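One structure below.
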Amino acid sequence: MTGPSDSILGIDKELIIKKFTSSVPVRFEVAKKGPAQINAIVISVDEITGKCYSIERINKIYA
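Counting from -2, one number per residue, gives the positions in the sequence shown under the numbering used here.
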(Lines of atoms letter the chains of each structure in order from A and count residues from 1; the text may use other names and numbers.)
(Lines give C-alpha, C1' and ligand atoms only; values in the text may rest on other atoms or scores of the structure.)
Protein backbone atom coordinates (compact mmCIF):
# COMPACT_ATOMS: atom_id res chain seq x y z
CA MET A 1 0.00 0.00 0.00
CA THR A 2 1.18 3.49 -0.71
CA GLY A 3 0.00 7.02 -0.13
CA PRO A 4 0.18 9.85 2.36
CA SER A 5 0.20 8.58 5.94
CA ASP A 6 -2.76 10.85 6.80
CA SER A 7 -5.06 9.30 4.17
CA ILE A 8 -7.18 6.20 3.61
CA LEU A 9 -5.60 4.03 0.89
CA GLY A 10 -4.21 7.18 -0.73
CA ILE A 11 -7.58 8.97 -0.83
CA ASP A 12 -8.32 12.20 1.07
CA LYS A 13 -9.71 10.99 4.41
CA GLU A 14 -12.33 13.76 4.65
CA LEU A 15 -13.98 12.50 1.45
CA ILE A 16 -14.07 8.91 2.72
CA ILE A 17 -15.63 10.02 6.02
CA LYS A 18 -18.22 12.13 4.16
CA LYS A 19 -19.18 9.16 1.96
CA PHE A 20 -19.77 6.85 4.93
CA THR A 21 -21.56 9.39 7.13
CA SER A 22 -23.97 10.66 4.47
CA SER A 23 -25.91 9.09 1.64
CA VAL A 24 -24.53 11.58 -0.88
CA PRO A 25 -22.20 10.22 -3.59
CA VAL A 26 -18.69 11.65 -3.30
CA ARG A 27 -15.99 11.78 -5.95
CA PHE A 28 -12.75 10.49 -4.46
CA GLU A 29 -9.56 12.49 -4.95
CA VAL A 30 -6.00 11.39 -4.44
CA ALA A 31 -4.56 12.82 -1.22
CA LYS A 32 -1.63 15.09 -1.99
CA LYS A 33 -0.57 16.35 1.44
CA GLY A 34 1.45 14.79 4.20
CA PRO A 35 4.45 12.46 4.23
CA ALA A 36 4.36 9.52 1.81
CA GLN A 37 4.18 6.06 3.33
CA ILE A 38 4.88 2.62 1.86
CA ASN A 39 3.79 -0.61 3.56
CA ALA A 40 4.54 -4.00 2.01
CA ILE A 41 5.85 -7.48 2.66
CA VAL A 42 8.46 -9.59 0.90
CA ILE A 43 7.74 -13.32 0.97
CA SER A 44 10.48 -15.86 0.20
CA VAL A 45 9.18 -19.20 -1.05
CA ASP A 46 11.03 -22.51 -1.40
CA GLU A 47 10.73 -23.43 -5.10
CA ILE A 48 10.68 -27.16 -4.40
CA THR A 49 8.15 -27.35 -1.55
CA GLY A 50 6.22 -24.17 -2.36
CA LYS A 51 6.34 -23.22 1.32
CA CYS A 52 7.17 -19.80 2.68
CA TYR A 53 10.39 -19.69 4.68
CA SER A 54 10.68 -15.95 5.29
CA ILE A 55 8.41 -12.90 5.57
CA GLU A 56 9.91 -9.41 5.78
CA ARG A 57 7.85 -6.29 6.55
CA ILE A 58 8.58 -3.03 4.79
CA ASN A 59 7.28 0.11 6.53
CA LYS A 60 8.80 3.37 5.29
CA ILE A 61 7.73 6.98 5.70
CA TYR A 62 9.19 9.67 3.46
CA ALA A 63 8.81 13.26 4.64
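Yeah, the Cβ is synthetic: ideal placement off N, Cα and C, and Gly gets one too.
Quick caveat, the model's predicted, so the values are computed rather than measured.
Contact between isoleucine 38 and isoleucine 55 holds: their C-beta atoms lie close to 7 Å from each other, under 8 Å. Closest in alpha carbon position to alanine 33, among Ile5, Ile58, Thr46, is Ile58. Annotation: the segment -2 to 35 contains the following complete segments of the alpha helix (DSSP H) (minimum length 4 residues), in chain order: 10 to 18. Serine 4 counts as buried, since at least 16 other C-beta atoms from the protein chains shown sit within 10 angstroms of its C-beta. Using a 10 angstroms sphere on the CB of proline 22, the tally of other CB atoms stays under 16, which defines it as exposed.
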